[in-house]
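In the working numbering, the protein residues as written are 5 to 197.
In structure tokens, the structure reads:
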């Protein structure tokens, strides 16, 4: 049975994009080491910087926070801005710090300083939080744990991709070039673990 044309109700709906329509997938938050948050910087707040000179006004170039910001703002392609969250040293867990920041605003890339990433339990906590909160994590691993791939060619295939070219610690990234080159030779040769 057909529906009579005089009974059709015309509805005009205005649908605007929500959420993703305005998301900035280039936004990054670096969580400053609590020891770096001094002076006029207020804990549990954020500050957005447009260039490394602005960062240098708040963080000396010897701090891990400055080094992380320099890697992001000086990379290729260059990030437009960076937000630094002033971490409270009294937070009991990294998840607590991340939740405080997320309650204040939204970002896409999550970065911590090298000392935080040196603790495997912290990396797992951050990764789990990022997975639950639709955020990406920059996981820059350095040192013996990454470089130890002897006899594990399959694991090496993964490790090549885990050491980003925009490493927060450029010196360690450069030191890994011989190991990455060896892994690439294995990949080209089709050697598995």
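Each residue gets a CB set at the ideal place from its N, CA and C atoms; glycine is no exception.
With a cut-off of 8 angstroms on the beta carbons, I'd call residue 101 and residue 140 a contact; round off their distance for me.
What you label residue 101 is simply residue 97 of the chain shown in a count that begins at 1. What you label residue 140 is simply residue 136 of the chain shown in a count that begins at 1. Going by Cβ atoms, the distance from residue 101 to residue 140 rounds to 17 angstroms, so no, they are not a contact pair.
Nearest to residue 71 by CA position, among 95, 110, 116, 107, is which residue?
Position 67 of the chain shown, counting from 1, holds the residue named residue 71. Taking only the C-alpha atoms, the option nearest residue 71 is 116.
Please determine, among 132, 30, 75, 67, the residue with the shortest C-alpha to C-alpha distance to residue 112.
Here residue 112 refers to the residue found at position 108 when the chain shown is read from its first residue. Checking every option, the nearest Cα to that of residue 112 belongs to 30.
Report the partner residues of residue 113 according to the DSSP bridge assignment.
Your numbering for residue 113 matches position 109 in the chain shown. 32, 140.
For residue 50, which three-state DSSP category applies?
Residue mapping note: residue 50 aligns to position 46 of the chain shown, counting from 1. The answer is strand: DSSP assigns residue 50 an E or B state.
Candidates 82, 104, 45, 40: closest to residue 54 by CA position
Translated into the one-based positions of the chain shown, residue 54 becomes position 50. Closest by alpha carbon: 82.
So, using beta-carbon positions, are residue 107 and residue 38 closer together than 8 angstroms?
Here residue 107 refers to the residue found at position 103 of the chain shown. Here residue 38 refers to the residue found at position 34 of the chain shown. Taking 8 angstroms as the Cβ cut-off, residue 107 and residue 38 do not qualify as a contacting pair.
In chain order, which beta strand (DSSP E) runs of at least 3 residues are fully inside the segment 49-93?
50-53, 86-89
Given this structure, state the Cα-to-Cα distance separating residue 33 from residue 17, to the nearest angstrom.
Locating residue 33 in the chain shown gives position 29, where the first residue counts as 1. Locating residue 17 in the chain shown gives position 13, where the first residue counts as 1. For residue 33 and residue 17, the distance between alpha carbons rounds to 37 angstroms.
Reducing DSSP to helix, strand and coil, say where residue 45 ends up.
The sequence position of residue 45 within the chain shown is 41, counting from 1. In the structure shown, residue 45 sits in coil (DSSP, three-state: anything other than H, G, I, E or B).
Spatial distance of residue 133 from residue 57 (CA atoms):
The residue labelled residue 133 in the question sits at position 129 within the chain shown. The residue labelled residue 57 in the question sits at position 53 within the chain shown. Cα to Cα, residue 133 sits roughly 31 angstroms from residue 57.
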